[in-house]
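> I am attaching a structure below and will ask some questions about it afterwards.
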Amino acid sequence: MTTTDIGTSLAQVGLDEQADLLRIATAGSVDDGKSTLIGRLLFDSKAIFEDQLASVEATSEKRGDEYTDLALLTDGLRSEREQGITIDVAYRYFSTPRRKFIIADTPGHVQYTRNMVTGASTADVAIILIDARKGVLEQTRRHSYLSSLLGIPNLVVCVNKMDLVDYDEAVFRSIHADFDEFAGNLSVGRIDFVPISALKGDNVVTKVSDVPGSSDAMPWYEGPTMLDLLETIRVAHSEADGEFRFPVQYVIRPQRSDGLDHRSFAGTIAGGTVTEGDEIVVLPKGQRSAVTKIWAPGGREVTSARAGEAVTIAIADEIDIVRGEMLAHADAQPKRGTELSATVCWFADDSELTPGRNYLLKQTTRETRSVVTALDHRLDVNTLATDADAETLALNEIGRVTLRTQSPLMYDKYGVNRTTGAFILVDEVTGDTVAAGMIEGAGETESGVVWHAGAVSSGDRAALLGSDGARRTIWLTGLSGSGKSSIATEVEKALLSAGHNAYVLDGDNLRHGLNSDLGFSESDRTENIRRTAEVAALLTDAGVVAICALISPLASQREQARQAHDRLGVEFTEVFVDTPLEECEKRDPKGMYAKARAGEIENFTGVSAPYEAPKNPDLHITPEVGTAAEAAERIVARLFGDDTSTVI
Numbered sequence: 007m008t009t010t011d012i013g014t015s016l017a018q019v020g021l022d023e024q025a026d027l028l029r030i031a032t033a034g035s036v037d038d039g040k041s042t043l044i045g046r047l048l049f050d051s052k053a054i055f056e057d058q059l060a061s062v063e064a065t066s067e068k069r070g071d072e073y074t075d076l077a078l079l080t081d082g083l084r085s086e087r088e089q090g091i092t093i094d095v096a097y098r099y100f101s102t103p104r105r106k107f108i109i110a111d112t113p114g115h116v117q118y119t120r121n122m123v124t125g126a127s128t129a130d131v132a133i134i135l136i137d138a139r140k141g142v143l144e145q146t147r148r149h150s151y152l153s154s155l156l157g158i159p160n161l162v163v164c165v166n167k168m169d170l171v172d173y174d175e176a177v178f179r180s181i182h183a184d185f186d187e188f189a190g191n192l193s194v195g196r197i198d199f200v201p202i203s204a205l206k207g208d209n210v211v212t213k214v215s216d217v218p219g220s221s222d223a224m225p226w227y228e229g230p231t232m233l234d235l236l237e238t239i240r241v242a243h244s245e246a247d248g249e250f251r252f253p254v255q256y257v258i259r260p261q262r263s264d265g266l267d268h269r270s271f272a273g274t275i276a277g278g279t280v281t282e283g284d285e286i287v288v289l290p291k292g293q294r295s296a297v298t299k300i301w302a303p304g305g306r307e308v309t310s311a312r313a314g315e316a317v318t319i320a321i322a323d324e325i326d327i328v329r330g331e332m333l334a335h336a337d338a339q340p341k342r343g344t345e346l347s348a349t350v351c352w353f354a355d356d357s358e359l360t361p362g363r364n365y366l367l368k369q370t371t372r373e374t375r376s377v378v379t380a381l382d383h384r385l386d387v388n389t390l391a392t393d394a395d396a397e398t399l400a401l402n403e404i405g406r407v408t409l410r411t412q413s414p415l416m417y418d419k420y421g422v423n424r425t426t427g428a429f430i431l432v433d434e435v436t437g438d439t440v441a442a443g444m445i446e447g448a449g450e451t452e453s454g455v456v457w458h459a460g461a462v463s464s465g466d467r468a469a470l471l472g473s474d475g476a477r478r479t480i481w482l483t484g485l486s487g488s489g490k491s492s493i494a495t496e497v498e499k500a501l502l503s504a505g506h507n508a509y510v511l512d513g514d515n516l517r518h519g520l521n522s523d524l525g526f527s528e529s530d531r532t533e534n535i536r537r538t539a540e541v542a543a544l545l546t547d548a549g550v551v552a553i554c555a556l557i558s559p560l561a562s563q564r565e566q567a568r569q570a571h572d573r574l575g576v577e578f579t580e581v582f583v584d585t586p587l588e589e590c591e592k593r594d595p596k597g598m599y600a601k602a603r604a605g606e607i608e609n610f611t612g613v614s615a616p617y618e619a620p621k622n623p624d625l626h627i628t629p630e631v632g633t634a635a636e637a638a639e640r641i642v643a644r645l646f647g648d649d650t651s652t653v654i
């Protein structure tokens, strides 16, 4: 999906300007007059240039229109002008002496509902257009419900084309009553109704009685014009008043001649306020630090910043933080979990949402694989009734689902924070966005998936084994050819000789069975590591020393493996087999490096894909240790003997 550039970045708008900025989205059925309304609003408020008006007049004349079609001011795509419909979302910026506005002209056609959701996702007000001749239609209800679902606090219902029903008050009152009946179950703070004619300008910017030559055709309406409402509606920025949320988008490491050398983290604040000196926590790791510096765009140093601002933050401690992780205040953390209950709107016209399907889930700057474990119900947008027997969601249908994610999400309920509570689902094969979702909360209760404690406790197992130290996973990470598998085999032999039950989970061996359905894409490799870690944690909980030998190139993957063990309260030891790349290539036991250098293997770790070496491994092994057997002997001594050093 593409959108027209609004010509200004909200990240560069100052705090005072943000407080006076109103984001508007139009909604409603096709041909209700949304584009014409926006064109009229821009024209009557003197917010267009002479050359823009001249272009619209020329296009209107070329098409044979009897009037200047102001809808062309927002229909920017060639196909839109040819067909006279809105397809994409067009953003327009304008201002009056009282307020600044960004208005999104969204499509009314059913197949472009996904574009409407895009335009409305950040709006403060939704203008619902209703054709006076047609009344409240299914698409009117769908867009109104979506506006409510998206957390838009204000609706302005404009009954348009009143000139085509002779400005009949009874028509307006009837539509008012129909919409009120439907809206009774919507979660909207305020709803206003205005009878208008976007084509003629009645009650858009100017009252009918104030239009030159007007006969005051609607003396029965004594309320404000649409622009009066937009200028006076109170804007409540709940994210700005909420808890501090900072999804990390980019890690910055400047190397400058003046000696400035630090790591900082760039992104847009998704909630609350941050100030120098604040104690923060890095999620999902849980490590704590404090904010030392904050920079606004352009490198300007500031002492604090709030939701909606793009900033760069430096912290006091050297913590390995990557894109997709989050900073939050230590005493007000978001929820964390891998199982979620959410409401989704399905966008795909060539597929349906079906439980059991896998999708890539994107939330803030975080991406993870996910599976829809259950469709709890489907919503009827006309009656707002739910169908608990529904088995699928088709194009534009809305329903409640339960999702399980591969890695934990840091989230708030959508009603609390529209940024951290929102996500999209992407088809892993086509790359198409197939759904937008709003998080309602944790999903364990709805799905019925809970952890069942066994009759034998961890303490019972420890007593039986004689030592709780046996409940441990040894995770060997390093480049291909570093010697991980050889060391793992020797560690297993040494532990068995010492009376410990041990088992090696080798990456290649697991791909013959448990992980045989996985390829070598980044997502499949991550899933390979996740499954291995979960199996290792279960083995360790049962008293078996699990020995895992996997490249596991990313720090986030190894952190996820550690978390799987933390959940069960068992030990996880990360062992970095630090063999230099040159030495690994000399060994090249499988001939993989040669193939990678020849271009026969894509995304090969160390050659065409990165390896993030552990910065603080539990144990650090270098080739100087000696043979695999000697390295294994020293590992066992460190973990099960009296030696407590970390460098071997």
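Under this note's numbering, the sequence shown has 513 at position 507, and the numbering climbs by one with no breaks. From the three backbone atoms N, C-alpha and C, an ideal C-beta is built for every residue, glycine too.
Pick out the complete alpha helix (DSSP H) segments inside the segment 530 to 594, 4 residues or longer, and give them in chain order.
561 to 574 and 587 to 593
> Kindly indicate the opening and closing residues of the beta strand (DSSP E) around A31.
For the purposes of this step, residue 31 is taken as the residue at position 25 of the sequence shown. Run containing A31: L27 to G34, per the beta strand (DSSP E) assignment.
> Should A391 be labelled buried (16 or more other beta-carbon atoms within 10 Å of its own) or exposed?
Within the sequence shown, the letter at position 385 stands for residue 391. Its Cβ having fewer than 16 others within 10 Å, A391 is exposed.
> Below 8 Å, how does it come out for the segment 313 to 329 and the segment 380 to 394: are there three or more Cβ pairs, yes or no?
no
> One question on the structure: do A539 and Q566 come within less than 8 Å of each other, judged by their Cβ atoms?
For the purposes of this step, residue 539 is identified with residue 533 of the sequence shown, where counting begins at 1. For the purposes of this step, residue 566 is identified with residue 560 of the sequence shown, where counting begins at 1. Yes. Within cutoff.
> Are the beta-carbon atoms belonging to V642 and V510 less than 8 Å from one another?
Walking along the sequence shown from the start, residue 642 turns up at place 636. Walking along the sequence shown from the start, residue 510 turns up at place 504. No, they are not a contact pair.
> Taking contact to mean 3 or more Cβ pairs, one atom from each stretch, closer than 8 Å, check whether the segment 202 to 213 and the segment 226 to 239 are in contact.
yes
> Around the C-beta of H571, are 16 or more other C-beta atoms found within 10 angstroms, so that it is buried, or is it exposed?
In the sequence shown, residue 571 corresponds to position 565, counting from 1. Counting Cβ neighbours within 10 Å, H571 comes out buried, since at least 16 surround it.
> Sorted by chain position, which residues of the same chain lie with C-beta nearer than 8 Å to S529's C-beta, five sequence neighbours on each side aside?
Taking the sequence shown and counting its residues from 1, the one referred to as residue 529 is at position 523. Excluding sequence positions up to five before and after S529, its CB lies within less than 8 Å of the CB of L366, R375 and E434, all in the same chain and listed in chain order.
> Can you list, in chain order, the residues of its chain with a C-beta nearer than 6 Å to that of A638? Leave out the 5 residues immediately preceding and following it.
Taking the sequence shown and counting its residues from 1, one reaches residue 638 at position 632. Excluding sequence neighbours, A638 sits near I493, E496, V497 and A500.
> With a CB to CB cut of under 6 Å and the five nearest residues on each side skipped, what residues in its chain are close to T360?
Within the sequence shown, residue 360 is the residue found at index 354, counting from 1. Only T398 meet the Cβ criterion.
> Using CA atoms only, rank isn't needed, just tell me which of Q293, E373, A322 and L415 is closest to I300.
Locating residue 300 in the sequence shown gives position 294, counting from the first residue. Among Q293, E373, A322 and L415, the Cα nearest to that of I300 belongs to A322.
> Does the segment 183 to 194 come into contact with the segment 134 to 144, if we say contact requires no fewer than three beta-carbon pairs (one atom in each stretch) closer than 8 Å?
yes
> Would K592 be called buried (16 or more neighbouring beta carbons within 10 Å of its own) or exposed?
As a first step, residue 592 is located in the sequence shown; it is residue number 586 there, counting from the start. Label assigned to K592: exposed.
> Can you check which of these residues, Q369, R179 and K596, is closest to A441 by C-alpha distance?
Reading the sequence shown from its first residue, position 435 is the one you call residue 441. Checked all of Q369, R179 and K596; the closest Cα to A441 is Q369.
> So what does DSSP say about F188, is it helix, strand or coil?
The count along the sequence shown starts at 1 and reaches residue 188 at position 182. Looking at F188 - three-state DSSP - the assignment turns out to be helix.
> Below 8 Å, how does it come out for the segment 332 to 347 and the segment 289 to 296: are there three or more Cβ pairs, yes or no?
yes
> Would you mind reading off the limits of the alpha helix (DSSP H) that contains T146?
Taking the sequence shown and counting its residues from 1, one reaches residue 146 at position 140. Taken as a continuous stretch (DSSP letters only), the alpha helix (DSSP H) holding T146 covers E144 to L155.
> If I'm right that V177 touches I136 with Cβ under 8 Å, what's the distance once you round it to whole angstroms?
As a position in the sequence shown, residue 177 is number 171, starting the count at 1. As a position in the sequence shown, residue 136 is number 130, starting the count at 1. Contact doesn't hold; Cβ gap of about 10 Å is too wide.
> So, under 8 Å CB-CB, A276 and L43 are touching, yes? Tell me the CB distance rounded to an integer number of Å.
As a working note, residue 276 is residue 270 in the sequence shown. As a working note, residue 43 is residue 37 in the sequence shown. Contact doesn't hold; Cβ gap of about 32 Å is too wide.
> Measure the C-alpha to C-alpha separation of D356 and T436 and round it to an integer number of angstroms.
Along the sequence shown, one-based indexing puts residue 356 at 350. Along the sequence shown, one-based indexing puts residue 436 at 430. Each residue's alpha carbon lies about 11 Å from the other.
> Just the Cα atoms here: how many angstroms apart are G505 and F646?
Counted from its first residue, the sequence shown places residue 505 at position 499. Counted from its first residue, the sequence shown places residue 646 at position 640. Rounded to the nearest angstrom, the two C-alpha atoms are 11 Å apart.
> When you compare each of F526, R240 and V171 to F610 by their alpha carbons, which one comes out closest?
Locating residue 610 in the sequence shown gives position 604, counting from the first residue. The shortest Cα separation from F610 among F526, R240 and V171 belongs to F526.
> With distance defined between alpha-carbon atoms, name the residue in T425, L431 and E285 nearest to F353.
The residue labelled residue 353 in the question sits at position 347 within the sequence shown. Taking only the C-alpha atoms, the option nearest F353 is L431.
> Quick one: what does DSSP say T707 is sitting in, helix, strand or coil?
Only positions 7 to 654 of the chain appear in the structure, and residue 707 is not among them; the question remains open.
> Which class does H115 belong to by DSSP, given the choice of helix, strand or coil?
Within the sequence shown, residue 115 is the residue found at index 109, counting from 1. Below a pLDDT of 50, predicted positions are generally treated as unreliable, and H115, at 44, falls in that range; the measurement from the model is reported next regardless. Residue state, collapsed to three classes: coil.
> Report the residue from T408, F429 and V317 whose alpha carbon sits nearest the alpha carbon of L439.
Taking the sequence shown and counting its residues from 1, one reaches residue 439 at position 433. The sequence shown places Thr at residue 439, rather than the Leu named in the question. Closest by alpha carbon: F429.
> Classify V642 as helix, strand or coil using the three-state DSSP reduction.
For the purposes of this step, residue 642 is taken as the residue at position 636 of the sequence shown. Three-state result, V642: helix.
> So what does DSSP say about A634, is it helix, strand or coil?
By one-based count along the sequence shown, residue 634 stands at place 628. It is helical.
> Counting only runs that start and end within the segment 361 to 399, where is the beta strand (DSSP E) found for 3 or more residues in a row?
364 to 369 and 372 to 385
> Less than 8 Å separating the beta-carbons of I202 and M168?
Reading the sequence shown from its first residue, position 196 is the one you call residue 202. Reading the sequence shown from its first residue, position 162 is the one you call residue 168. For I202 and M168, yes; Cβs fall inside 8 Å.
> Exposed or buried, what is A604 when buried is set at 16 or more other beta-carbons lying within 10 Å of its beta-carbon?
The residue given as residue 604 occupies position 598 in the sequence shown. By the C-beta density criterion, A604 is exposed, having fewer than 16 other C-beta atoms within 10 angstroms.
> Check the DSSP bridge columns for P201 and list the partner residues they point to.
Taking the first residue of the sequence shown as 1, we reach residue 201 at position 195. Under DSSP, P201 takes part in a beta bridge, and its partners are V165.
> Check whether the segment 301 to 319 touches the segment 338 to 352, counting contact only when three or more Cβ pairs, one atom from each stretch, lie closer than 8 Å.
no
> Is G612 closer than 8 Å to L485 when the C-beta atoms are compared?
In the sequence shown, counting from the first residue as 1, residue 485 sits at position 479. In the sequence shown, counting from the first residue as 1, residue 612 sits at position 606. G612 sits close to L485, with the two beta carbons spaced by under 8 Å.
> Could you name the residues that DSSP lists as bridge partners for V171?
On the sequence shown, position 165 is the one that residue 171 refers to. Beta-bridge pairing by DSSP links V171 to no other residue.
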